[in-house]
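Remarks on the structure that follows.
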Amino acid sequence: MLIKETKPFNALVFTTQTTLPQLGEHVGHVAKDIYREAARLDIMPTGPIQWNYYGIDGKPETVFTLEIVLPIQEKDVAAQGFEWKQIPTFKCISLMHEGNWENLPQTYDKAISHICDNGFTMTTECRERYIVMDFDNGENNVTEIQIGIH
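Numbers given in the numbering used here equal positions in the sequence shown, counted from 1, plus 819.
The following block contains the structure:
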């Protein structure tokens with residue numbers, strides 16, 4: 820696990836209010852739509868798709884904000900169905916999860932234990948950067964988990 824502060828970046832962003840059980844409704848198709856819009860606008864993606872969670876607490880019934888984000892080079896783009904936004908810096912504990920997304924909760928548990936054991940305070944923001952997405956063989960997935968800390 821690594822303590823780090825991310826750098827700000829420009830992004831095309833899809834934003835919705837959701838709950839943990841509803842997350843599956845956004846897997847795959849939103850990323851495809853963002854990439855299609857970036858191609859239509861002829862803009863340069865500069866990093867992997869990322870899911871940013873705001874107000875998440877791990878409880879299934881809690882409604883929180885989800886941003887599905889594609890880092891891009893350009894500023895102030897007028898996109899159809901997405902907004903341009905600058906994603907701010909973020910102080911976090913970072914760790915890699917390799918394998919199926921169904922096992923992400925165990926990786927989160929490990930990170931949260933590390934945070935608590937080392938005297939950090941969690942924020943209600945976390946991010947997942949999808950380095951490798953393999954919808955045919957989930958064992959090939961590589962996801963960076965970032966949990967906000969004070």
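Beta carbons: idealized from backbone N, C-alpha and C, even for Gly. Keep in mind the model is a prediction, meaning the values are calculated, not measured.
#1: My parser needs the beta strand (DSSP E) runs of 3 or more residues fully inside the region 840-864; what are they?
#2: For the putative contact between I862 and A850, defined by C-beta atoms under 8 Å, what is the C-beta separation to the nearest angstrom?
#3: Can you name, in chain order, every residue of its own chain whose Cβ lies under 8 Å from the Cβ of H916, other than the five neighbours on each side?
#4: With 16 other CB atoms within 10 Å as the buried threshold, where does V846 fall?
#5: In terms of residue numbering, what span does the beta strand (DSSP E) encompassing H969 cover?
#6: Quick one, which of M941, K904, P890 and S932 has its alpha-carbon nearest P864's?
#7: Just to check my reading of the structure: I906 and P827 have Cβ atoms closer than 8 Å, yes? What is that Cβ distance to the nearest angstrom?
#8: Can you name the residues that DSSP bridges to L914?
#9: How is the alpha helix (DSSP H) around T926 delimited, first residue to last?
Considering the structure as presented:
#1: none
#2: Looking up residue 862 in the sequence shown gives position 43. Looking up residue 850 in the sequence shown gives position 31. So it is not a contact: roughly 15 Å between Cβ atoms.
#3: Reading the sequence shown from its first residue, position 97 is the one you call residue 916. So the list reads N922, L923, T926, N960, V961, T962, E963 and I964, once near-sequence residues are dropped.
#4: For the purposes of this step, residue 846 is identified with residue 27 of the sequence shown, where counting begins at 1. Result: exposed.
#5: Here residue 969 is taken as the residue at index 150 of the sequence shown, counted from 1. First-last for H969: undefined, no H or E at that position.
#6: By 1-based counting over the sequence shown, the position of residue 864 is 45. Answer by Cα proximity: P890.
#7: Residue numbering aside, residue 906 sits at position 87 when the sequence shown is read from its first letter. Residue numbering aside, residue 827 sits at position 8 when the sequence shown is read from its first letter. Yes, they are in contact, since the Cβ atoms of I906 and P827 sit about 6 Å apart, within 8 Å.
#8: Taking the first residue of the sequence shown as 1, we reach residue 914 at position 95. Looking at the DSSP assignment, L914 forms a beta bridge with I964.
#9: Walking along the sequence shown from the start, residue 926 turns up at place 107. Segment L923 to D936, the alpha helix (DSSP H) holding T926.
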